[in-house]
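Going by the numbering used here, the letters in the sequence shown line up with residues 57 to 187, in that order.
Note that beta-carbon positions come from the ideal geometry of N, C-alpha and C, so glycine has one too.
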Amino acid sequence: MKTVHQARAEIRSLLNVSELTSIISGTTYHSRSPAGRKKVDVVIGVLGLDNDQFQQGTFNIKIHAPSISVTTDGVLDNNTPNITELDKVTDVVVKLLDNRWENGFRTEVATIYEPKQDADLTWFNRVVVDY
């Protein structure tokens, strides 16, 4: 049986390729990224991993991007999600993880959520991946 850390490392190996790393200003993290980040990052979390013979799990991939400033009707909003950046990175993450068959595991994108704001006021897209 694989541990949570081993399974997360397999997911990270699929994401730590130039197709993704070349378009993010940060890096990929296990579980959480540093507080106060100012870069576009990818965070790989584990929602659950069973211990059955055919091991299954669910991973939570968060694509973080700092807020941008936008002026609308003369009003400045410094807390607008950077939808362009979030969508660009999310598209690559989905491409790299959806319907992948690897030696000893398989991944499939289950759900893609709309952007949400994190506690540190950055925005993130969340992609749920079945393993």
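#1: Who are Y169's beta bridge partners in DSSP?
#2: If we call anything under 7 Å between Cβ atoms a contact, is L103 one with V60?
#3: Hey, how far is the Cα of D143 from the Cα of N181?
#4: Leaving aside the five residues before and after R93 along the sequence, list all residues of the same chain whose C-beta is less than 7 Å from its C-beta, in chain order.
#5: E164 bridges to which residues according to DSSP?
#6: If you compare alpha carbons, which of K58, Q62, R64, I79 is closest to D147?
#7: Determine whether the beta carbon atoms of R64 and I117 lie at a separation below 7 Å.
#8: Under 6 Å Cβ to Cβ from N134, same chain only, skipping five residues before and after it: list those, please.
#9: Identify whether R156 lies in helix, strand or coil by the three-state DSSP scheme.
#10: Is the separation between the beta-carbon of V98 and that of T77 shorter than 7 Å?
#11: DSSP on K95, reduced to helix/strand/coil?
#12: Is T84 helix, strand or coil when you go by DSSP?
#13: Once DSSP output is grouped into helix, strand and coil, what is the label at T59?
Inspection of the coordinates gives the following:
#1: Paired residue(s): none; Y169 is not in a bridge.
#2: no
#3: 8 Å
#4: G82, H120, T178
#5: D186
#6: Looking at K58, Q62, R64, I79, the one whose alpha-carbon comes closest to that of D147 is I79.
#7: no
#8: By the criterion of a C-beta distance shorter than 6 Å, N134 is surrounded in its chain by S125, once the five residues flanking it on both sides are discounted.
#9: strand
#10: No. Outside cutoff.
#11: In the structure shown, K95 sits in coil (DSSP, three-state: anything other than H, G, I, E or B).
#12: Correct three-state label for T84: strand.
#13: Reduced to three states, the DSSP call for T59 is coil.
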